[in-house]
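Protein chains: 2
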Amino acid sequence: MTQVSEAKKGNLTKEMRAVAEQEGVEEEFVLKRVAEGRIVIPVNRQRQGVQVCGIGAGLRTKVNANIGTSQDEACLEDERRKMQAATEAGADTLMDLSTSGNLREIRRTILAETHLPLGTVPIYQAAVEAAKNKKSIVEMKEEDIFKAIEQQAEEGVDFITLHCGITLETLARLKKEGRVADVVSRGGAFLIAWMIHNGKENPLYKNYDRVLSIAGKYDVTLSLGDGMRPGSIADATDRAQIQELIFLGELAKEARSANVQVIIEGPGHIPLNEVETNVLLEKKICQGAPFYVLGPLVTDVALGYDHIVAAIGGAVAAAAGADFLCYVTPSEHLRLPDVEDVKEGVIATRIAAHAADIAKGIKGARDWDLKISRKRKLREWNEQIALALHPERAKKYRRESNPKTSDVCTMCGEYCALKVVDEFFKT
Amino acid sequence: MTQVSEAKKGNLTKEMRAVAEQEGVEEEFVLKRVAEGRIVIPVNRQRQGVQVCGIGAGLRTKVNANIGTSQDEACLEDERRKMQAATEAGADTLMDLSTSGNLREIRRTILAETHLPLGTVPIYQAAVEAAKNKKSIVEMKEEDIFKAIEQQAEEGVDFITLHCGITLETLARLKKEGRVADVVSRGGAFLIAWMIHNGKENPLYKNYDRVLSIAGKYDVTLSLGDGMRPGSIADATDRAQIQELIFLGELAKEARSANVQVIIEGPGHIPLNEVETNVLLEKKICQGAPFYVLGPLVTDVALGYDHIVAAIGGAVAAAAGADFLCYVTPSEHLRLPDVEDVKEGVIATRIAAHAADIAKGIKGARDWDLKISRKRKLREWNEQIALALHPERAKKYRRESNPKTSDVCTMCGEYCALKVVDEFFKT
Numbered sequence: 001m002t003q004v005s006e007a008k009k010g011n012l013t014k015e016m017r018a019v020a021e022q023e024g025v026e027e028e029f030v031l032k033r034v035a036e037g038r039i040v041i042p043v044n045r046q047r048q049g050v051q052v053c054g055i056g057a058g059l060r061t062k063v064n065a066n067i068g069t070s071q072d073e074a075c076l077e078d079e080r081r082k083m084q085a086a087t088e089a090g091a092d093t094l095m096d097l098s099t100s101g102n103l104r105e106i107r108r109t110i111l112a113e114t115h116l117p118l119g120t121v122p123i124y125q126a127a128v129e130a131a132k133n134k135k136s137i138v139e140m141k142e143e144d145i146f147k148a149i150e151q152q153a154e155e156g157v158d159f160i161t162l163h164c165g166i167t168l169e170t171l172a173r174l175k176k177e178g179r180v181a182d183v184v185s186r187g188g189a190f191l192i193a194w195m196i197h198n199g200k201e202n203p204l205y206k207n208y209d210r211v212l213s214i215a216g217k218y219d220v221t222l223s224l225g226d227g228m229r230p231g232s233i234a235d236a237t238d239r240a241q242i243q244e245l246i247f248l249g250e251l252a253k254e255a256r257s258a259n260v261q262v263i264i265e266g267p268g269h270i271p272l273n274e275v276e277t278n279v280l281l282e283k284k285i286c287q288g289a290p291f292y293v294l295g296p297l298v299t300d301v302a303l304g305y306d307h308i309v310a311a312i313g314g315a316v317a318a319a320a321g322a323d324f325l326c327y328v329t330p331s332e333h334l335r336l337p338d339v340e341d342v343k344e345g346v347i348a349t350r351i352a353a354h355a356a357d358i359a360k361g362i363k364g365a366r367d368w369d370l371k372i373s374r375k376r377k378l379r380e381w382n383e384q385i386a387l388a389l390h391p392e393r394a395k396k397y398r399r400e401s402n403p404k405t406s407d408v409c410t411m412c413g414e415y416c417a418l419k420v421v422d423e424f425f426k427t
Numbered sequence: 001m002t003q004v005s006e007a008k009k010g011n012l013t014k015e016m017r018a019v020a021e022q023e024g025v026e027e028e029f030v031l032k033r034v035a036e037g038r039i040v041i042p043v044n045r046q047r048q049g050v051q052v053c054g055i056g057a058g059l060r061t062k063v064n065a066n067i068g069t070s071q072d073e074a075c076l077e078d079e080r081r082k083m084q085a086a087t088e089a090g091a092d093t094l095m096d097l098s099t100s101g102n103l104r105e106i107r108r109t110i111l112a113e114t115h116l117p118l119g120t121v122p123i124y125q126a127a128v129e130a131a132k133n134k135k136s137i138v139e140m141k142e143e144d145i146f147k148a149i150e151q152q153a154e155e156g157v158d159f160i161t162l163h164c165g166i167t168l169e170t171l172a173r174l175k176k177e178g179r180v181a182d183v184v185s186r187g188g189a190f191l192i193a194w195m196i197h198n199g200k201e202n203p204l205y206k207n208y209d210r211v212l213s214i215a216g217k218y219d220v221t222l223s224l225g226d227g228m229r230p231g232s233i234a235d236a237t238d239r240a241q242i243q244e245l246i247f248l249g250e251l252a253k254e255a256r257s258a259n260v261q262v263i264i265e266g267p268g269h270i271p272l273n274e275v276e277t278n279v280l281l282e283k284k285i286c287q288g289a290p291f292y293v294l295g296p297l298v299t300d301v302a303l304g305y306d307h308i309v310a311a312i313g314g315a316v317a318a319a320a321g322a323d324f325l326c327y328v329t330p331s332e333h334l335r336l337p338d339v340e341d342v343k344e345g346v347i348a349t350r351i352a353a354h355a356a357d358i359a360k361g362i363k364g365a366r367d368w369d370l371k372i373s374r375k376r377k378l379r380e381w382n383e384q385i386a387l388a389l390h391p392e393r394a395k396k397y398r399r400e401s402n403p404k405t406s407d408v409c410t411m412c413g414e415y416c417a418l419k420v421v422d423e424f425f426k427t
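Just so you know, the protein sequences line up as chains A and B, in that order.
Read in order, the letters of the first sequence are residues 1 to 427 in my numbering.
Read in order, the letters of the second sequence are residues 1 to 427 in my numbering.
Pasting the structure below:
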């Protein structure tokens, strides 16, 4: 039993009902789109107490925050703090991308303590264990990869990234492309190294049936990874990227036939004028499967400010139809994000998501802006700030910069346009 | 003699030559577009040592930073610091929007100390003096407004915002519109209050010939203000706003006939899906006059983060053809920006401008991204960071988060995708 199998039979699950209620849309609408594969609800059947989150066309754009350890920083308490920061800032989902420390303990702790749907990239575990026990990631066995997938699915992970579209064919396209930045997907890099070293096809592609069987068993949502996502504006929308997308489209179709929920991961570094094209391509080639984008980053030059770069790309992508934005933090390309980076990343991405929801007419989106505008017009400061997307900084600014007259702010003082016009416009 | 009069005669000025050289475009191209009014070069004939800055179609998108005092915070030293912060962060122009303290001293100090083109809003001075000397802004005389314009032009201000398009007709449209946030333009509010109180037409519209005569005398660039810019997503692209734009289009045409350089100011709070329309409308109605936008802000709800909101709107606007972005700082709607806000505002807006320049194919824009991508691919950290749009934060992050292996970062450590693929992809 999966959300898709139930939807195809016309059975409304409690998760579909919850999504309809949260979003203020008809239950039939959710049911139809889950059946079509245009909406997913990532909830592992093993998972308890998860906050249901619908992702797809016609629903509010969702925001994911990546947390997780690395070789240089592997502390469970830090991950707990990042999890809390992401949650408080309003993330809709989390991904644990840990590659160091006790991976299983970290993942189980997060699963136990978060109410948000949790995603992982199981190949990290397989690769990290191979590096530790066999001295190289390329020594991992096909069985190790599937063992990691099965284990994580059994533990209750709600969605998993699998780079199933990196085939020998895709690699041939990549070699002929001659990219500036080759490959920047970590999971993609592991698989490519393995494929080249062992001279074999990607096990996740070759044994995709097995992937589907595990996903179906636990109703884990497949997030088909984009190993070919461009890591430079110069590599955007190239043959390697689109070749992989074509495979992902075929694999998405198979997943639906197998009643498995599936979303497609997307770029990456993409110039602003190609963002809409990328969304339309995904929607066409993958028959409307929810699109989960990282960024897109619309320039390569803003190191330390990539959360802003991604907010630009993410807003435009989501307005064009992308459904799920993976956050990018100010530390992208520089270091593992800390707690503050996590917070700023979630806020910037939520801004992008909401700007897009206004643009694409998502139910209720404009109402929020209208509410806050009315309070602003009345110069009701506390009410205005309380309604803000993340009031903390606004509160601080207001507290620190108190105007002589309390119904204005220190920007204009008594020359506040709203106040001046109010006075004379009433006549 | 103005840039336009010279261009019309086919005379290449040294400013046009400098613009061509800076931008890597043909001198003839600049000359032709200045003659057509599609490029302006705001340099007051009285001004010495200004860094020439071309604004318009085919040139790099420029960024303006507003500084200036308010009733609550009027300290010349603070303004100096903000001027330095904006300059160091890479602003192309400054505007002094002071409304408190010794306005003339502040303006003259900035003019003397900055090499950037400086803009002002002369009606602020007229209104503030009326409020001080005559107890109300509505008591200012028409002559006071023109005196302020003449004085500031004579002092060497390079461009001035004048809200010439707020006519009695525009006000009639505004009243019938029934807006959520009425008027949020400060200069606009002063004029509207004056017009309603005195029952008279806008002197800047009625005596536009006089405006043109002063502007022509000093070659001050007119920045025709948008008093009707929406202050809420709900008011965007409404009849009041477009009515004013129509008047601005007529006034721009007159300015060109009088050989006066002119740009058009634009919104404001605009949903993402209306941004491109607003740019196209301005370009049509004002016959290609450079478009100077404030934001646009694509949502009303992100108090404390409006620099990100404006970066989204600004990138999309500039990609669609807007030429000049007025920065928005994190303190917008909350307080007068401090030095840190100024810096963050300029950086966010420069990101938007550059993302747009890549998208609209501005010469050299992509080269920068390519350069930094190549350094990133090689994992040459210092070179990569030195090339960044604003390296300060990147340097700090790198310094604080040193990886065990120096050729990667703490995000992935030895599992760096670029490094893993490098090793196996060479074969």
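Cβ coordinates follow ideal geometry from the N, Cα and C atoms, glycine included.
Because the structure is a prediction, the values reported are computed rather than measured.
Cut-off 7 Å between Cβ atoms - residues of its own chain near residue i, not counting five sequence neighbours on either side
i, result
"A311(B)", "A348, T349, I351 and A352"
"A359(A)", "A319"
"K147(A)", "none"
"A234(A)", "V180"
"A255(A)", "L212, L222 and V262"
Closer than 8 Å to chain A by CB, residue i
i, result
"D369(B)", "yes"
"P431(B)", "Because chain B spans 1 through 427 in this model, residue 431(B) falls outside it and cannot be assessed."
"E142(B)", "no"
"E414(B)", "yes"
"P403(B)", "yes"
"G304(B)", "yes"
"K428(B)", "Within the shown structure, residues of chain B are numbered from 1 to 427, placing residue 428(B) beyond reach of any answer."
CB contact check: residue i to chain B, cutoff 8 Å
i, result
"V19(A)", "no"
"Q71(A)", "yes"
"T167(A)", "no"
"Y428(A)", "With chain A represented from 1 up to 427, any question about residue 428(A) goes unanswered, as that position is not in the structure."
"T99(A)", "yes"
Cβ distance (whole Å) where residue i is taken to contact residue j below 8 Å
i, j, result
"S223(B)", "T161(B)", "5 Å"
"A189(A)", "G216(A)", "Going by Cβ atoms, the distance from A189(A) to G216(A) rounds to 28 Å, so no, they are not a contact pair."
"P296(A)", "I270(A)", "4 Å"
"P267(B)", "D226(B)", "6 Å"
"A302(A)", "V309(A)", "5 Å"
Neighbourhood of residue i by C-beta, 8 Å cutoff - its chain only, sequence neighbours within 5 removed
i, result
"G24(B)", "K363 and G364"
"M83(B)", "I67, L94, I110, E113 and T114"
Separation of residue j from residue i, as counted between CA atoms
i, j, result
"E73(A)", "T109(B)", "50 Å"
"K371(B)", "A386(B)", "11 Å"
"E414(B)", "N278(A)", "31 Å"
"S213(B)", "S232(A)", "50 Å"
"P290(A)", "D300(B)", "27 Å"
"V4(B)", "G37(B)", "7 Å"
"R366(A)", "V128(B)", "37 Å"
"K175(A)", "E79(B)", "55 Å"
"T2(A)", "I246(A)", "25 Å"
"V339(B)", "Y397(A)", "13 Å"
Chain-order list of residues whose beta-carbon lies under 6 Å from that of residue i (same chain, five-residue window excluded)
i, result
"A355(A)", "A315"
"H307(A)", "V328, T329, P330, E344, G345 and A348"
"T69(B)", "S98, S100 and G101"
"D428(A)", "Since the first residue shown for chain A is 1 and the last is 427, residue 428(A) is missing from the structure and cannot be characterised."
"K283(B)", "G321"
Beta-bridge partners of residue i, as assigned by DSSP
i, result
"E73(A)", "S70(A)"
"F324(B)", "K62(B) and Y292(B)"
"D306(B)", "Answer is none; D306(B) lacks a bridge partner."
"F159(A)", "G119(A) and T221(A)"
"T93(B)", "N64(B)"
Residue i: CB within 7 Å of a non-hydrogen atom of the ligand GDP
i, result
"D300(B)", "Only the bare structure without any ligand can be found here, which leaves the ligand GDP out of the picture."
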